[in-house]
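Chemist:
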Amino acid sequence: MTSYDYQEALKNAAKTMVRVKNPRRLLKMIVRFIVKEVGLSHASILMFDQLKSRYIFVDSKGSHRIPINLIKLDQSNPLIQWFSDPAPKAKLNKDFLACTELTSWLQNSEMTHHNAPLKARLLQLKDVLETLKATVCVPGFYKDELLGVLILGNKLKGGQFSLEEISFFQTLANDASMAIKTAEYQEDLLSKNLQLEKQKRELEIRLQEIAELRKKEQETYYQIVMSLAQEVNAKDPYTAGHLKGVERLGIMTAQEMGYDLSGRKKDVLVASLHLHDVGKIGVPDHILLKPASLTEEEWKIMRQHPSKGAKILEPLSGFKEVANVVLHHHENYDGTGYPDGLRGEKIPLEARIVSVVDSFHAIVSKRCYSKGQPIDAAFKELERCAGTQFDPHVVEAFIRAYKRTLNGKHHKEESAHRLAS
Ligand SMILES: [Fe+2]
């Protein structure tokens with residue numbers, strides 16, 4: 054090969070190395086390339102195997118090739134030591150090892166006469182080279198790490214390797230080391246990424262399963278709470294089925310007050326209107342359905358229903374605001390209500406609306422002990438208690454909206470009852 058050929062060969066080899074993603078394939082290509090292009094009895098590559106922590110032959114080509122599966126060199130092997138141990142580097146060339154050079158070192162009595170360990174080392178090295186039928190060995194480094202050794206046999210045409218040829222092999226060995234390290238790094242990165250991706254997917258699936266489970270649980274619980282509310286409602290034969298009426302009146306009042314009824318806010322109001330008395334499920338029937346006035350002791354139990362209701366709603370994660378409304382639907386505007394004696398704007402607006410609508414409904418509903426009051430009487434009662442029991446703005450908005458709705462109807466009485474029921 055001329056010097057031009059080597060340059061060209063290196064360029065081609067470098068291009069190929071960039072393309073080849075599989076390091077083993079790359080090494081096989083290098084060995085084949087050297088044997089064929091340079092014309093050698095054999096060429097082999099020793100590579101460090103991370104898993105086995107040894108140097109193994111990944112390929113060997115040529116007429117005197119090495120049985121690659123039989124020979125493995127560990128890190129204490131003289132050849133590996135020679136390249137990886139930095140100690141005597143200053144004195145002897147370690148960029149490559151040529152058999153001829155080794156022989157001349159051994160014959161140099163000045164060098165070995167007073168240095169028995171070095172002589173022993175060189176002799177061991179010679180043994181290894183003879184076993185491998187190596188003429189020249191070229192190490193491949195990545196930073197200071199010995200990744201592999203290129204082992205070359207004799208030139209078929211005879212003669213020794215020129216420095217230019219050895220320099221070509223060195224460049225090839227170092228480029229290959231770099232390519233292998235990059236490929237390994239990419240492979241490692243890819244497998245880590247794949248693993249991360251897999252873990253991420255598994256986590257997403259698990260989270261989704263949990264979310265679905267929680268949603269299902271919440272739905273089931275919501276159904277239970279709704280049926281409890283209906284049960285409470287059904288216990289009172291006079292108000293049974295009136296929840297829809299309460300909902301209509303509540304929404305109407307809120308709209309009149311300019312309350313934002315888009316999305317979630319409406320849901321909170323509607324749920325509060327339906328569920329405000331759900332805690333009555335915990336009040337014994339003889340108190341709940343008593344056809345006469347309650348005793349002080351009975352009132353005490355009855356007054357627990359807002360907090361019992363809020364407690365029932367506690368496990369529903371999306372019902373925090375509703376639970377708060379339920380808890381405070383018996384607060385009075387002047388602070389005389391229960392359970393916390395909240396005053397004015399401190400009482401949630403939805404609770405102030407529930408309070409007015411619920412009371413109106415109670416006044417106009419027929420009871421076994423009292424006939425339902427006419428609508429006008431109910432308005433008067435609400436107005437009388439505006440500012441004490443009720444928020445005056447809510448009362449005002451409620452009556453205004455109610456009357457406007459009535460004015461839009463022809464049959465006043467019939468409409469009034471439809472609205473209230
Ligand atoms: Fe209540």
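Everything in the sequence shown is counted per our numbering, starting at 54 for the first residue and increasing by one.
Just so you know, even glycine gets a beta-carbon here, dropped at the ideal spot from N, CA and C.
On a predicted model such as this, the values are computed, not experimentally measured, just so you know.
Here's a check: name, in chain order, each residue in its chain whose Cβ is nearer than 8 Å to the Cβ of Q479, leaving out the five neighbours to either side.
Modeler: It is not possible to answer for residue 479, since the shown part of the chain is limited to 54 through 474.
Chemist: Output the residues surrounding ligand 1, defined as those with a CB atom closer than 6 Å to any ligand heavy atom, in chain order.
Modeler: H329, D330, H358, H382, H383
Chemist: Is R107 helix, strand or coil by DSSP?
Modeler: strand
Chemist: For G362 and H329, I'd like the C-alpha separation in whole angstroms.
Modeler: 7 Å
Chemist: Which same chain residues end up closer than 8 Å to Q60 when comparing Cβ atoms and leaving out the 5 residues on each side of it in sequence?
Modeler: none
Chemist: Is it right to say S113 is buried, meaning 16 or more other beta carbons lie within 10 angstroms of its own, or is it exposed?
Modeler: Classification for S113: buried.
Chemist: Measuring only the C-alpha atoms, how far is I210 from D58?
Modeler: A small fix is needed here, since residue 210 is Lys in this sequence, not Ile. The alpha-carbon atoms of K210 and D58 are separated by roughly 17 Å.
Chemist: At what residues does the alpha helix (DSSP H) containing G335 begin and finish?
Modeler: Looking at the DSSP string, G335 is not in any alpha helix (DSSP H), and its letter there is neither H nor E.
Chemist: Can you find the residues in the same chain that come closer than 8 Å, C-beta to C-beta, to L159, ignoring five residues on each side of it along the sequence?
Modeler: Closer than 8 Å at Cβ, skipping near neighbours: T165, K172, L175, L176, K179.
Chemist: At what residues does the beta strand (DSSP E) containing L199 begin and finish?
Modeler: 198-205
Chemist: Report the rounded CA-to-CA distance for S56 versus E90, giving the unit in angstroms.
Modeler: In this prediction, S56 has a pLDDT of 48, which is less than 50 and means its spatial position is unreliable; what the coordinates show is noted afterwards. Going by the C-alpha atoms only, they are around 13 Å apart.
Chemist: Please report the Cβ distance between V117 and G206, rounded to the nearest whole angstrom; I am assuming they are in contact, meaning their Cβ atoms lie under 8 Å.
Modeler: Correcting the residue identity first, residue 117 is His in this sequence and not Val. About 6 Å; that satisfies the 8 Å criterion.
Chemist: With which residues is P192 paired in a DSSP beta bridge?
Modeler: V202
Chemist: Look at the alpha carbon of N122 and the alpha carbon of P170, and state the distance between them as a whole number of angstroms.
Modeler: 31 Å
Chemist: If we ignore side chains and look at the alpha-carbon of each, how far apart do H463 and G298 end up?
Modeler: With a pLDDT of 45 at H463, under the threshold of 50, the modelled position of this residue cannot be trusted; read the value that follows with caution. Distance between the alpha carbons of H463 and G298 is about 19 Å.
Chemist: Can you say whether W352 is buried or exposed, counting buried as having 16 or more other CB atoms within 10 angstroms of its CB?
Modeler: With fewer than 16 Cβ atoms within 10 Å of its Cβ, W352 is classed as exposed.
Chemist: How big is the Cα-Cα spacing for L395 and Q442?
Modeler: 11 Å
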